[in-house]
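This report concerns only the one structure given below.
In the working numbering, the protein residues as written are 12 to 289.
Printed below as a string of structure tokens:
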């Protein structure tokens, strides 16, 4: 059976509807000073203050990565191997990556703090990725480096397994368990860095996909740095939420793109080089 080519019609329709909705919300915000709809569609938070020109501009700019994330997710892979050609371990990893991308996309608009079930679903989706992507990474990229492979497995279990347990117990957000959060956070960082290194060394993933993953990893730290600089410069608290919220939206969109593109790249027939374009 010949490989299947992607169709961009669904991606074009959904992305177009989103862009149109943002345009309408931007006009409403500029005309009435009500940022609520625009922020829910872009920064995905409740606005802290009345609209300013800067707030509207940042919110509109925040829509760009979300529109790109929708396009990247829904357009699908450039080329998809037939079901007979695709290995079961690769199929399972693709399913987990797509499920995690969809989960991140659908949960991100929820106002913080998330309810326990949202934290649980988010953690479970990434735990599935950690478990199911491991066999793909190990063969052939990491076979000579089993120590790194086992570190990836262990870090994923601590990071996303630990977060799942905390979410199920309703402990997310409690200051009493900050040391546990630190352990989970460090494990998540280690897992992400090692997976990105493995993807870089693996012929199934394109460099641009790895670049999106690196950007998704770095952006939250940039957001924290920007917030600290603005506060130390004496900027009032409310305006800080616009640039920091915009960076938070960017980080979420980049995470979605990395997960989706990681699944798309795995769809290509294993016997062929991954296309450079698309």
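Beta carbons: idealized from backbone N, C-alpha and C, even for Gly.
Under the Cβ criterion (8 angstroms, minimum of three pairs), the stretch 108-119 does not count as touching the stretch 226-245. Rounded to the nearest whole angstrom, the CA to CA distance from residue 138 to residue 131 is 10 angstroms. For residue 97, the secondary structure class from DSSP, reduced to helix, strand or coil, is coil. Contact annotation: the stretch 218-225 does not touch the stretch 178-189, with fewer than three C-beta pairs closer than 8 angstroms.
If you draw a 10 Å sphere on the C-beta of residue 52, you find 16 or more other C-beta atoms in it, and that means buried.
Around the CB of residue 24, fewer than 16 other CB atoms lie within 10 Å, so the residue is classed as exposed.
Per DSSP, the unbroken alpha helix (DSSP H) holding residue 81 starts and ends at 64-85.
Around the C-beta of residue 117, fewer than 16 other C-beta atoms lie within 10 Å, and the residue is accordingly described as exposed.
If you ignore the 5 residues before and after residue 269, its C-beta comes within less than 6 angstroms of the C-beta of 223, 224 and 227, all in its own chain and listed in chain order. Assignment of beta-bridge partners to residue 161 by DSSP yields no partner.
Judged by their CB atoms, residue 229 and residue 207 are not nearer to each other than the 7 angstroms cut-off.
Between residue 166 and residue 149, the gap from beta carbon to beta carbon reaches 7 angstroms or more. Here the alpha carbons of residue 84 and residue 214 stand approximately 21 angstroms from one another. When DSSP states are grouped into helix, strand and coil, residue 53 belongs to the coil group. When the five nearest sequence neighbours on each side are left out, the beta carbons in the same chain lying within less than 8 angstroms of the beta carbon of residue 71 are those of 33, 37, 49 and 53, in order along the chain.
In this structure, the beta-carbon distance from residue 19 to residue 81 does not fall below 7 angstroms. Rounded to the nearest angstrom, the gap between the Cα atoms of residue 40 and residue 66 is 10 angstroms. Looking only at 105, 254 and 128, the smallest Cα-Cα distance to residue 142 is reached by 105. Here residue 212 carries a helix assignment [DSSP, helix/strand/coil].
When 256, 87, 98 and 120 are compared, the shortest CA-CA separation from residue 144 is found for 98.
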